[in-house]
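The opening residue of the sequence shown carries number 402 in my numbering; numbering runs sequentially from there.
Here's the structure we're looking at; comments come further down.
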Amino acid sequence: MEEIGLFEAIYSQRQFARYKPDPVPKEAIDKIIDAATKAPSGGNMQPWHFIAITDPKIISQIGTLYRDLWLGAMGATPPPGESPAYSAARYLANHMPEVPAMILVCADHAIGSQPYTKGEPVERGRYASSLWLAIQNMFLAARALGLGTRITTTHIRAEEKVKEILGIPVHVETVCLTPLGYPRGRFGPTDRTPAAEVTSYNRYGQKG
Ligand SMILES: Cc1cc2nc3c(=O)[nH]c(=O)nc-3n(C[C@H](O)[C@H](O)[C@H](O)COP(=O)(O)O)c2cc1C
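See the structure below:
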């Protein structure tokens, strides 16, 4: 596949709910995770761990858990006038058990200047700002390879169950679960507020 430019990737990368059933090549998954690991992190601690889920049985287990949690929280029937973002999220929830692949992004609390102490609860969110940068790298790399992704966090409501299914140790926090696959539908453009509306120069509210 011909590489696309960085700005084309940024402007066209969007969050997909619908995926083709085609499998995702392992080389693509490895490249996407490799791109994620190039992100900066606080103190260069690199507190991340990525679990690529490609086994359909495990995808179905995690996806079913996700679906039930999402529908349990948001309601099984769409409310009148549901927004496009929620309607897409609902579609994904209903189809999460069948996505071609998933990547679970985790924060390893055993890494760092104040590592996890055995028996203590992990301090959720301590590594979040480092992980989100890695996640965005992952999404842009996926876009460059023609693959779709979507940030989801709903699994956290049953994190212990997810950890049990995947054999994740106590000191590892699960942060974001993204489906991964060749998307149905086109990349971009995204519906965003123009930058000029959210930019000030030199003083809040002053336009450049
Ligand atoms: C922190 C965060 C949490 C999100 N959680 C979910 C989620 O649980 N399920 C889901 O389907 N989408 C989730 N999204 C995706 C957003 O709904 C999506 O980014 C937004 O609708 C923009 O989509 P677009 O890029 O296609 O325009 C999340 C996004 C962010 C940044």
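Yeah, the Cβ is synthetic: ideal placement off N, Cα and C, and Gly gets one too.
Cβ distance (whole Å) where residue i is taken to contact residue j below 8 Å
{"i": "Arg-551", "j": "Ala-418", "result": "6 Å"}
{"i": "Ala-440", "j": "Leu-541", "result": "Actually they are not in contact, since the Cβ atoms of Ala-440 and Leu-541 sit about 11 Å apart, beyond 8 Å."}
{"i": "Gly-464", "j": "Val-500", "result": "6 Å"}
{"i": "Ala-529", "j": "Val-576", "result": "7 Å"}
{"i": "Ile-460", "j": "Ile-454", "result": "6 Å"}
{"i": "Thr-555", "j": "Ala-486", "result": "Going by Cβ atoms, the distance from Thr-555 to Ala-486 rounds to 14 Å, so no, they are not a contact pair."}
{"i": "Ile-615", "j": "Met-539", "result": "Coverage of the chain is limited to positions 402 through 609, which leaves residue 615 absent and any answer about it impossible."}
{"i": "Gln-462", "j": "Ile-566", "result": "5 Å"}
Cβ-based burial, residue i [other Cβ within 10 Å; buried from 16]
{"i": "Leu-581", "result": "buried"}
{"i": "Asp-456", "result": "exposed"}
{"i": "Ser-484", "result": "exposed"}
{"i": "Glu-574", "result": "buried"}
{"i": "Thr-579", "result": "buried"}
{"i": "Pro-584", "result": "buried"}
{"i": "Pro-570", "result": "exposed"}
{"i": "Thr-600", "result": "exposed"}
{"i": "Leu-532", "result": "buried"}
{"i": "Tyr-650", "result": "This structure leaves residue 650 out entirely; the chain is present only between 402 and 609."}
{"i": "Tyr-517", "result": "buried"}
{"i": "Thr-553", "result": "buried"}
{"i": "Tyr-605", "result": "exposed"}
{"i": "Arg-593", "result": "exposed"}
{"i": "Ala-477", "result": "exposed"}
Contacts around residue i, its chain only, beta-carbon distance under 7 Å, and the 5 residues preceding and following it disregarded
{"i": "Pro-479", "result": "Ser-488 and Arg-491"}
{"i": "Ala-494", "result": "Tyr-467, Arg-468, Trp-471 and Leu-472"}
{"i": "Arg-415", "result": "Phe-588, Gly-589 and Thr-591"}
{"i": "Ala-559", "result": "Leu-466 and Leu-470"}
{"i": "His-572", "result": "Asp-509, His-510, Ala-511, Tyr-517 and Val-523"}
{"i": "Ile-405", "result": "Ala-545"}
8 Å CB neighbourhood of residue i in its chain, flanking five on each side removed
{"i": "Lys-432", "result": "Ala-542 and Leu-546"}
{"i": "Ala-502", "result": "Pro-424, Val-425, Ile-430, Ala-453, Ile-454, Thr-455, Ile-460, Pro-580, Leu-581 and Gly-582"}
{"i": "Ala-524", "result": "The identity of residue 524 in the sequence shown is Glu, whereas the question assumes Ala. For Glu-524, where only same-chain residues beyond five positions count, the Cβ hits under 8 Å are His-510."}
{"i": "Leu-548", "result": "Val-425, Ala-429, Ile-433, Leu-581, Gly-582, Tyr-583 and Pro-584"}
{"i": "Ala-597", "result": "Lys-608"}
Other residues of its chain near residue i: CB distance less than 6 Å, five sequence neighbours each side excluded
{"i": "Gln-447", "result": "none"}
{"i": "Ala-535", "result": "Ala-437, Ala-440 and Trp-449"}
{"i": "Ser-413", "result": "Phe-588 and Gly-589"}
Interface flag, residue i vs chain D, CB-CB below 8 Å
{"i": "Ile-512", "result": "The displayed structure is made up of one protein chain only, and chain D is not part of it."}
Item to check | Exercise answer, beta-carbon shell around ligand 1 heavy atoms below 5 Å | outcome: Matched residues: Arg-415, Gln-416, Ala-486, Ala-490, Leu-493, Ile-552, Thr-553, Thr-554, Thr-555 and Thr-591.
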